[in-house]
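Numbering-wise, numbering that gives the first Met the number 0 puts 266 at position 267 of the sequence shown, and it's gapless, one number per residue.
Where a beta carbon is used, it is the ideal one built from N, C-alpha and C, also for glycine.
Here is the structure we will look at.
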Amino acid sequence: MRLVTITSVDNRGLMFPYVKDEGKKTKDGNPIGNNVTSDKAIRQAINFAIDRQALVKGALDGFGSPAFGPVSGTPWEQKDASIQDNNVDTANKILMDGGWKKGSDGTLEKDGLKAAFTLIYPASDATRQALALGVEPMIKQLGIQVNVEGKSWDDIQKAMYSNVILFGWGSHDQTEIYNLHHSKTRGQGWYNTGFYANAAIDNYMDMAMGASTEDEANVFWKRAQWDMTKDGFTTKGDPAWAWMVNLDHTYYVHDCLDIGKSQVEPHGHGWPITANITAWKWTCAQ
């Protein structure tokens, strides 16, 4: 057999609770908000500090690529949203300008609040565990304390509105951008669990949804990521996540099997290895 590697938009990132903890709860009684990650400076600084290539090498054994948004490699990706990461100096300046200062124990503080949060990953997923443990020291070097915990999906479902979660997404459908970031989807199932809400981003996504052609829609999908001025849900604007990596999908394939031409693959759910089975053929005499 031979190893076949296929590029994907199957991404992994850190979902930040966007709103403050004001004691609010979901209809199921789960707490909403986080006073640390609701600070834009924290979210931006973490994005700049992460060494995504190191995560690809260390956690994915090289089978992947850095991700700066949720739609890498698609026609609606805003390539100008990418940043120069592994940039601790820039991250530290953002934090200092945002009013965060080192406390006596080295942890950042602002108005009596310590920069600390819990990062949760699904305990059943070794790849996400490796990413969580790999990114923790990258964030810690900024003076932000991260408590890494592995939990069941049932427990994550209760904690995902108030804690940083290592989630994975990636779709062939542009509307995933809408589902993850529009204010109308706050708290709807697994979508927008951070309660992200930005009027400018909502407007761009609404225009994309109402566009008459795909090309027209893609203009607005790109602006929602970064509009080249001040708005966007990626790092340069008002980041909702710290996207880290895209996975390469890897398969062992029989030497006598031609699996045809591959395409950029989405998140694993609903995408079987047999998706293009009509193009498969045997190349050896049977």
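To which residues of the same chain is residue i closer than 6 Å at the C-beta, ignoring the five residues directly before and after it?
{"i": "Asn197", "result": "Asp237"}
{"i": "Asn46", "result": "Thr234, Pro238, Ala241"}
{"i": "Ala291", "result": "In the structure displayed, the chain extends from 0 to 285; residue 291 sits before or after that span and is not available."}
{"i": "Ile93", "result": "Ala40, Gln43, Ala44"}
{"i": "Val3", "result": "Tyr250, Val252"}
{"i": "Ser71", "result": "Val8, Asn245"}
Do you know offhand how far residue i's Cα is from residue j's?
{"i": "Cys255", "j": "Cys283", "result": "5 Å"}
{"i": "Gln173", "j": "Lys78", "result": "15 Å"}
{"i": "Gly57", "j": "Ser211", "result": "44 Å"}
{"i": "Asp154", "j": "Asn29", "result": "11 Å"}
{"i": "Leu179", "j": "Arg1", "result": "37 Å"}
{"i": "Lys150", "j": "Thr36", "result": "20 Å"}
{"i": "Ala115", "j": "Val145", "result": "6 Å"}
{"i": "Ala80", "j": "Asn86", "result": "16 Å"}
{"i": "Pro74", "j": "Gly186", "result": "28 Å"}
{"i": "Gly97", "j": "Thr234", "result": "15 Å"}
{"i": "Tyr17", "j": "Gly193", "result": "5 Å"}
{"i": "Thr288", "j": "Thr249", "result": "Shown here, the chain extends from 0 to 285; a query on residue 288 therefore has no answer."}
{"i": "Leu165", "j": "Ile176", "result": "17 Å"}
{"i": "Gln128", "j": "His266", "result": "18 Å"}
{"i": "Ala53", "j": "Asn245", "result": "13 Å"}
{"i": "Arg11", "j": "Trp168", "result": "7 Å"}
{"i": "Ala66", "j": "Ile272", "result": "23 Å"}
{"i": "Leu13", "j": "Gln224", "result": "16 Å"}
{"i": "Lys139", "j": "Val55", "result": "19 Å"}
{"i": "Leu112", "j": "Lys100", "result": "10 Å"}
{"i": "Trp152", "j": "Ala122", "result": "8 Å"}
{"i": "Asp201", "j": "Lys183", "result": "9 Å"}
{"i": "Asp88", "j": "Leu130", "result": "23 Å"}
{"i": "Asn275", "j": "Ser7", "result": "15 Å"}
{"i": "Met137", "j": "Ile49", "result": "6 Å"}
{"i": "Trp270", "j": "Asp110", "result": "48 Å"}
{"i": "Gly188", "j": "Trp281", "result": "43 Å"}
{"i": "Met95", "j": "Glu108", "result": "10 Å"}
{"i": "Asp209", "j": "Tyr190", "result": "One detail in the question is off: residue 209 reads as Gly in this sequence, not Asp. Answer to the nearest angstrom: the Cα atoms are 21 Å apart."}
{"i": "Asp214", "j": "Thr277", "result": "30 Å"}
{"i": "Glu76", "j": "Asp205", "result": "17 Å"}
{"i": "His171", "j": "Ile82", "result": "24 Å"}
What does a CB cutoff of less than 8 Å around residue i pick up in its chain, not counting 5 residues either side in sequence?
{"i": "Asp27", "result": "Lys157"}
{"i": "Asn91", "result": "Ala44, Leu141"}
{"i": "Asn162", "result": "Pro16, Asn33, Phe116, Thr117, Leu118, Ile119"}
{"i": "Lys19", "result": "Gly32, Asn33, Asn34, Ser37"}
{"i": "Tyr160", "result": "Pro16, Thr25, Asn29, Pro30, Ile31, Gly32, Gly186, Thr192, Gly193, Phe194"}
{"i": "Glu135", "result": "Leu118, Val145, Val147"}
Could you check how far apart the C-beta atoms of residue i and residue j are, in whole angstroms? I think they sit under 8 Å.
{"i": "Lys39", "j": "Ile31", "result": "With 8 Å as the limit, Lys39 and Ile31 do not qualify as a contact, their Cβ atoms being about 18 Å apart."}
{"i": "Tyr203", "j": "Phe219", "result": "5 Å"}
{"i": "Ile258", "j": "Trp279", "result": "5 Å"}
{"i": "Ala199", "j": "Asp230", "result": "4 Å"}
{"i": "Arg51", "j": "Asp84", "result": "5 Å"}
Can you name, in chain order, every residue of its own chain whose Cβ lies under 7 Å from the Cβ of residue i, other than the five neighbours on each side?
{"i": "Ser261", "result": "Ile5"}
{"i": "Ala239", "result": "Phe15, Tyr17, His180, Gly193, Tyr195, Phe232"}
{"i": "Met227", "result": "Asp79"}
{"i": "Asp124", "result": "none"}
{"i": "Leu132", "result": "Val147"}
### Query
Quick one: complete beta strand (DSSP E) runs, 3+ long, within the stretch 91-168?
107-109, 115-121, 144-150, 163-168
### Query
Curious, which full-length beta strand (DSSP E) runs of at least 3 residues does the stretch 189-214 contain?
none
### Task
Flag this pair as touching only if the stretch 50-66 and the stretch 100-107 have three or more C-beta atom pairs under 8 Å; answer yes or no.
Because the criterion of three Cβ pairs below 8 Å is not met, the stretch 50-66 and the stretch 100-107 do not touch.
### Message
In chain order, what are the residue ranges of uninterrupted beta strand (DSSP E) at least 3 long that sit wholly in the stretch 224-248?
### Response
Segments of the beta strand (DSSP E) lying fully in the stretch 224-248: 240-246.
### Message
Just to confirm the assignment: which complete beta strand (DSSP E) runs, minimum length 3, are found wholly within the stretch 40-79?
### Response
63-65
### Task
Output the residue ranges of the beta strand (DSSP E) runs that lie fully inside the stretch 6-35 and measure 3 residues or longer, sorted by chain position.
10-14
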